[in-house]
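Report on one structure; see the data block that follows.
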Amino acid sequence: MKAVWKMNKFIKHTLQIVNYAIFMALVWYFSAAPAYRYLEPNQAVVVISVSHSGELLKPCRKVSAEDLAKLAPNMRKPMDCPRERSPIKIEVSMDGEELFNITAQPPGLFADGSVNVYRSVKVTAGQHHFEVKMNDSVHLQGSRFVASQNIKLEPAQQLLIDFNSEDGFVFK
Amino acid sequence: MLNPVKRLYLLLEAWLNISFKEWNPLYHLGTLTFFFFWIALVSGVYLFLFFHGSLDGAYASVERITNEQWYAGGVMRSLHRYSSDAAVATIILHIFREFALGRYRGIRWYSWVTGIPALWMVVLLGITGYWLVWDQLAQYLAIGSALLMDELPIFFGSMSSNFVDGRLNDRFFILIEFLHLLGQPIMLIFVLWFHVRRLSNVNIMPPKGLAIGSLLAMLVLSLIKPATSHPPADLTTLPAVLNLDWFYLNIYPLLDYWTPGQVWALVMGVTVLLMLMPWLPAKKKAPAAVVDLNNCNGCTQCFEDCPYDAISVRARTDGARHEYEVVVDPDLCAACGICVGACISSNPFRKAEPDLHTGIDMPQFPINEVRNLTDTALVALRGDTKIIMFGCQHGVDVDGLEAQDIQGIKLICSGMLPPALVEYALSNGADGVMIAGCRHTDCYCRFGNRWMEQRMASSRHPVLRARAEAERIHIHGGAITDSRAVAKALDEFRQKLSILEKPGPRLDESCVEDE
Ligand code: HEM
């Protein structure tokens, strides 16, 4: 009787260990697997990153003395500057083929905020010709900012096409 | 037809019952989740001592912890990772269990709905944790998170533009560190406090044996498969292959196929669907327990036994000599009837009035009806081993086990059974009483069968009096799928009864248990 009881206990403990092991295996496996292939071996990534304010839609206007008088005293400003800004258009191409064609509206209640764009796309690594154009004004035909460059992309490289108002577009 | 999700759950539970019995992890998923959280908390404090909270220093400090003191810091890091993962695994099982057993509708909507922000908090805590390593995985999820955040109308795309080479600074990293180390754990504890607020007798530690086993499991895993990092973050290159932690980071790959807006739509859609589940469709609310002060002596046992904190105690208002009375909050009452079993007045021997009234009763199934059913069953029994079998609405189907010498009575919960009713059945012609609630130590109403067993063992009030012969009472619970096992136990009980001497003469009807 005692032997049976001991046997039962042994089986129970062994089964417990098996159950713990299954749990451990599941926790271990899904903590780092299955591996996720983010890039194929011959792929690289192009990122366009722009933080920029579009041009004001309407220029400032001098307010006439009559109009000023109609306003409450604390609202009387000699210049009326509508805050709304132009949307920003960005086009990026690689070897003549379009990578991005973005039209970003200025954020904010009065559409007066500065636009932030961050987009990425996977491309095949190798030698490429990149062109980027940006128009930040509805009053302008064509593009105010243009840049182009030949770049050899290594696999897994991230090419950043960054914009700042002093240097324009920079390929990094 | 039993729904397949419930059948699957019960199968898994039965498998684990073979080796774990009352330590069955499925009966302790909430406390196990807490326990894994405690392991993560302690190991996290250790890691914090050696962690360098800056973009330049973080990775190297984690590497030092992992490699230079593998026997301490390395183990702590692995414990931190694996216990966090185990917590998500137990949460998934916890959701599966409550869903499969239908324990998320009716008054349980509260626990279900408050569980969802808790799940959110746990996942967000994991994400910021992986962020702090500042390896390629951190870089990947930081950019993914930024894209998701930018989709919200508060950031307007400004967050992801930080993640370009040369523009990233420590300020943001320190914010993440603050969130992970302090903000999120505090929020999580707060949300969990809400989660269990409407339950009584909530444990935040699993049984000792299960806790030791789980800690050992995590420790062994940490030693044989130590947690490691990806190569350090570098914003000029990207990782080709990522060893994602799928417990926490499962939505990020979607960003490769969908826009951030679509990913948000999915995540929010699932969240809202989960939140609405208790009402899809809503459960018809059973009437709450009703107190009858004429039969209540203010002993407060029902208040002690209520699993849902639906009963409160206040000073007597009816001028009776007793000190207290109890009040039921109908919004919290699960209508389980456990309070009826706890009430000393639920005594079927009281026959001064034709109908039996008790101190707290269920309008949909009053104790008087239970006694009437017992009387009818006693009359219907034939044979030498007359057995009354009390069951419940959620466990094994006692009606299906009826025979000439077996009559089943289905209570709302086995905890609704007053011990005096067992005595009553035995003294009025039954040779034996079998009690079959849910599976041993598990109960649809949390504590029904536990309280019932304690009452039968005379370790909880109201106790079964000694004059009820213990050999004539058998407790064998079982789930709806366990009919065969319960039938076998019933057969063995029948055989045992057949060799016992017949019970003595009928007990005096006036034996009412003293207060
Ligand atoms: C995030 C970590 C969580 C922890 C630590 C946790 C912990 C607990 C604990 C300790 C209990 C009490 C169990 C008892 O004593 O009977 C409980 C009950 C419950 N939990 Fe959770 N829980 C978590 C998440 C969730 C989630 C995500 C859901 C569902 C969406 C959920 C649904 C429920 C339900 C419905 C109950 C009530 C069961 C009943 O009424 O008997 N929980 N939880």
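Those sequence lines, one after another, are chains A and B.
Sequential numbering of the first sequence, starting at 2, is according to my numbering.
Sequential numbering of the second sequence, starting at 2, is according to my numbering.
Glycine is no exception: its CB is placed at the ideal position from the N, C-alpha and C atoms.
Please list, in chain order, all residues of the same chain as residue i whose beta carbon is under 7 angstroms from its beta carbon, the five residues on each side excluded.
| i | result |
| --- | --- |
| threonine 32 (chain B) | Asn204, Ile205, Met206 and Pro207 |
| cysteine 446 (chain B) | Pro308, Ala335, Cys337, Ile339, Cys414 and Gly416 |
| lysine 173 (chain A) | Leu161 and Asp163 |
| histidine 395 (chain B) | Cys439 and Tyr445 |
| phenylalanine 49 (chain B) | Leu182 |
| glutamate 510 (chain B) | Because glutamate 510 (chain B) sits at a pLDDT of 46, beneath the cut-off of 50, its placement in the model cannot be relied upon, and the point is left open. |
| phenylalanine 111 (chain A) | Arg84 and Glu85 |
When you compare the CB of residue i with every CB in chain A, is at least one pair closer than 8 angstroms?
| i | result |
| --- | --- |
| alanine 143 (chain B) | no |
| serine 230 (chain B) | no |
| leucine 80 (chain B) | no |
| proline 227 (chain B) | no |
| leucine 42 (chain B) | no |
| glycine 214 (chain B) | yes |
| tyrosine 83 (chain B) | yes |
| leucine 11 (chain B) | no |
| alanine 119 (chain B) | no |
| tryptophan 247 (chain B) | yes |
| leucine 498 (chain B) | no |
| threonine 129 (chain B) | no |
| alanine 490 (chain B) | no |
| glutamate 14 (chain B) | no |
| isoleucine 1 (chain B) | Chain B is shown from 2 up to 516; residue 1 (chain B) falls before or after that span and cannot be answered. |
| alanine 353 (chain B) | no |
Looking only at its own chain, which residues have a Cβ that is under 6 angstroms from the Cβ of residue i, when we skip the five neighbours before and after it?
| i | result |
| --- | --- |
| tyrosine 253 (chain B) | Leu142 and Gly145 |
| tryptophan 24 (chain B) | Pro208, Gly210 and Leu211 |
| phenylalanine 174 (chain B) | Leu56 |
| methionine 188 (chain B) | Met122 |
| alanine 343 (chain B) | Gln302, Cys303 and Asp306 |
| aspartate 319 (chain B) | Leu294 |
| leucine 16 (chain A) | none |
| leucine 180 (chain B) | Thr129 |
| aspartate 443 (chain B) | Tyr28 |
Does the distance from the CB of residue i to the CB of residue j come in under 8 angstroms?
| i | j | result |
| --- | --- | --- |
| aspartate 137 (chain A) | histidine 53 (chain A) | yes |
| threonine 237 (chain B) | glutamine 159 (chain A) | yes |
| proline 35 (chain A) | alanine 241 (chain B) | no |
| proline 420 (chain B) | proline 463 (chain B) | yes |
| histidine 29 (chain B) | serine 112 (chain B) | no |
| valine 327 (chain B) | threonine 301 (chain B) | yes |
| methionine 2 (chain B) | serine 44 (chain B) | no |
| leucine 169 (chain B) | tyrosine 39 (chain A) | no |
| serine 223 (chain B) | tyrosine 425 (chain B) | no |
| arginine 473 (chain B) | leucine 501 (chain B) | yes |
| serine 85 (chain B) | glycine 127 (chain B) | yes |
| valine 28 (chain A) | alanine 469 (chain B) | no |
| leucine 149 (chain B) | valine 292 (chain B) | no |
| isoleucine 312 (chain B) | valine 341 (chain B) | no |
| asparagine 9 (chain A) | leucine 17 (chain B) | no |
| lysine 89 (chain A) | glycine 55 (chain A) | In the sequence as displayed, the identity of residue 89 (chain A) is isoleucine instead of lysine. In this structure, glycine 55 (chain A) lies closer than 8 angstroms to isoleucine 89 (chain A) by Cβ. |
| isoleucine 92 (chain B) | methionine 276 (chain B) | no |
Are the C-beta atoms of residue i and some chain B residue less than 8 angstroms apart?
| i | result |
| --- | --- |
| aspartate 163 (chain A) | yes |
| proline 42 (chain A) | yes |
| asparagine 117 (chain A) | yes |
| serine 149 (chain A) | no |
| leucine 110 (chain A) | no |
| methionine 25 (chain A) | yes |
| lysine 13 (chain A) | yes |
| tryptophan 29 (chain A) | yes |
| lysine 154 (chain A) | Before going on, a small fix: residue 154 (chain A) reads as leucine here, not lysine. It does not; no Cβ of chain B falls within 8 angstroms. |
| asparagine 20 (chain A) | yes |
| leucine 16 (chain A) | yes |
| alanine 157 (chain A) | yes |
| valine 46 (chain A) | yes |
Which same chain residues end up closer than 8 angstroms to residue i when comparing Cβ atoms and leaving out the 5 residues on each side of it in sequence?
| i | result |
| --- | --- |
| glutamine 455 (chain B) | Arg461 |
| tyrosine 60 (chain B) | Val134, Trp135, Asp136, Ser230, Pro233 and Ala234 |
Between residue i and ligand 3, is there a pair consisting of the residue's CB and a ligand heavy atom that are separated by less than 7 angstroms?
| i | result |
| --- | --- |
| glutamate 99 (chain B) | Judged by which ligands are present, ligand 3 is missing from the structure shown, whose ligands are ligand 1. |
What residue ranges within the region 291–327 of chain B form continuous beta strand (DSSP E) runs of no fewer than 3 residues, ordered along the chain?
-> 312–316
Every unbroken beta strand (DSSP E) within the region 67–94 of chain A, with a cutoff of 3 residues, ordered by chain | none
Any alpha helix (DSSP H) of 4 or more consecutive residues that is wholly inside the region 84–172 of chain B | Listed in chain order, they are 110–133 and 137–151.
Enumerate, from N- to C-terminal direction, the unbroken alpha helix (DSSP H) stretches of 4 or more residues contained entirely within the region 113–170 of chain A.
-> Listed in chain order, there is nothing to give.
Can you list, in chain order, the stretches of the beta strand (DSSP E) that have 3 or more residues and sit fully within the region 244–278 of chain B?
-> none
4-residue-minimum alpha helix (DSSP H) runs that sit fully inside the region 21–97 of chain B, ordered along the chain = 30–51 and 59–64
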